[in-house]
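Engineer:
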Amino acid sequence: LLGVVLTMTMVVITALVIIRETELGTMETLLSTPLKPLEVMTGKIIPFVIVGFIQIILLLLIAKLVFSVPTLGSITLLLVLTIPFIAANLAVGITFSTLAHNQTHAVQSAMFFFLPSILLSGFMFPFRGMPEWAQWVGSVLPLNHYLIIVRGILLKGNGLAEVWYQEIPIILFTVVIFFIGFKRYRKTLD
164 LLGVVLTMTM VVITALVIIR ETELGTMETL LSTPLKPLEV MTGKIIPFVI VGFIQIILLL
224 LIAKLVFSVP TLGSITLLLV LTIPFIAANL AVGITFSTLA HNQTHAVQSA MFFFLPSILL
284 SGFMFPFRGM PEWAQWVGSV LPLNHYLIIV RGILLKGNGL AEVWYQEIPI ILFTVVIFFI
344 GFKRYRKTLD
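According to the working numbering, the sequence shown is numbered sequentially starting from 164.
#1: Whole angstroms is fine: what's the gap from residue 332's alpha carbon to residue 274's?
#2: Roughly how many whole angstroms lie between the Cα atoms of residue 327 and residue 320?
#3: Please report how far the alpha carbon of residue 276 lies from the alpha carbon of residue 198, in whole angstroms.
#4: Where residue 339 and residue 174 are concerned, what is the direct C-alpha to C-alpha distance, given to the nearest angstrom?
#5: State buried or exposed for residue 217, treating a residue as buried only when at least 16 other CB atoms are found within 10 Å of its CB.
#6: What are the boundary residues of the alpha helix (DSSP H) that includes residue 302?
#7: Going along the chain, which unbroken runs of the alpha helix (DSSP H) with 4 or more residues stay wholly within the region 196–247?
#8: Just tell me which of 335, 344, 346 and 314 has its CA closest to the CA of residue 238.
#9: Determine contact between the region 183–201 and the region 225–235, defined as no fewer than three beta-carbon pairs at a distance below 8 Å.
#10: Going by the CB atoms, is the gap between residue 252 and residue 185 shorter than 9 Å?
#11: Between the Cα of residue 336 and those of 247, 213 and 194, spot the shortest distance and give me the residue it belongs to.
#12: Need the endpoints of the alpha helix (DSSP H) that residue 279 sits in, please.
#13: Check this for me: beta carbons of residue 298 and residue 311, under 9 Å apart or not?
#14: By DSSP, does residue 122 sit in helix, in strand, or in coil?
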């Protein structure tokens with residue numbers, strides 16, 4: 164559930180905020196300052212990272228206190244390994260904001276990413292029971308790998324040695340999507 168909530172909120176909120184700033188003209192005002200576009204975007208993204216961590220902590224507290232979900236592994240390790248996952252979803256939100264013409268289009272684009280992520284990640288259906296093409300698509304999406312990390316740490320008590328390799332596809336996805344998003348963002352400014 165952690166991964167699903169983070170995916171939904173990070174992608175949608177990022178895309179909405181950036182497209183709204185563009186619609187209102189405040190993004191152009193910010194970019195006319197001496198700050199570089201990367202610095203402006205970093206300033207826009209940092210609050211969402213904080214929101215993501217607050218969501219995780221609240222969900223973990225609710226899971227533990229209300230539903231008695233066991234937490235066998237390190238919460239600190241989980242939080243550290245969540246950083247690339249949050250970055251991946253923020254990258255998707257930024258990229259969708261460069262494709263969208265308005266807020267409605269941004270939300271629709273976010274759903275275009277969100278639904279396959281949920282359906283093909285192993286969250287709703289067993290990953291190994293899916294057709295081969297669905298497993299391939301699911302293995303590209305960060306949610307699949309993040310769910311393995313969360314289950315491994317919280318339910319099995321896995322440490323870094325058992326889950327680190329799941330970060331590699333998340334980091335690769337993040338780098339590629341951030342590159343596309345920032346490249347498109349520069350084009351929308353020109």
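Ideal placement from N, C-alpha and C gives every residue a C-beta, glycine not left out. Since this is a predicted model, take the numbers as computed values, not measurements.
Structural biologist: Reading from the atomic positions:
#1: C-alpha separation (whole angstroms): 22 Å.
#2: 14 Å
#3: Between the alpha carbons of residue 276 and residue 198 lies a distance of about 31 Å.
#4: Here the C-alpha atom of residue 339 lies approximately 16 Å from the C-alpha atom of residue 174.
#5: Taking a 10 Å sphere around the C-beta of residue 217, we find fewer than 16 other C-beta atoms and assign the residue as exposed.
#6: 295–303
#7: For the region 196–247, the continuous alpha helix (DSSP H) assignments of 4+ residues that do not extend past its boundaries occur at 200–228, in sequence order.
#8: 314
#9: no
#10: no
#11: 247
#12: 266–283
#13: It is not a contact, given that the beta carbons lie outside the stated cut-off.
#14: The first residue shown for the chain is 164 and the last is 353, placing residue 122 beyond what the model contains.
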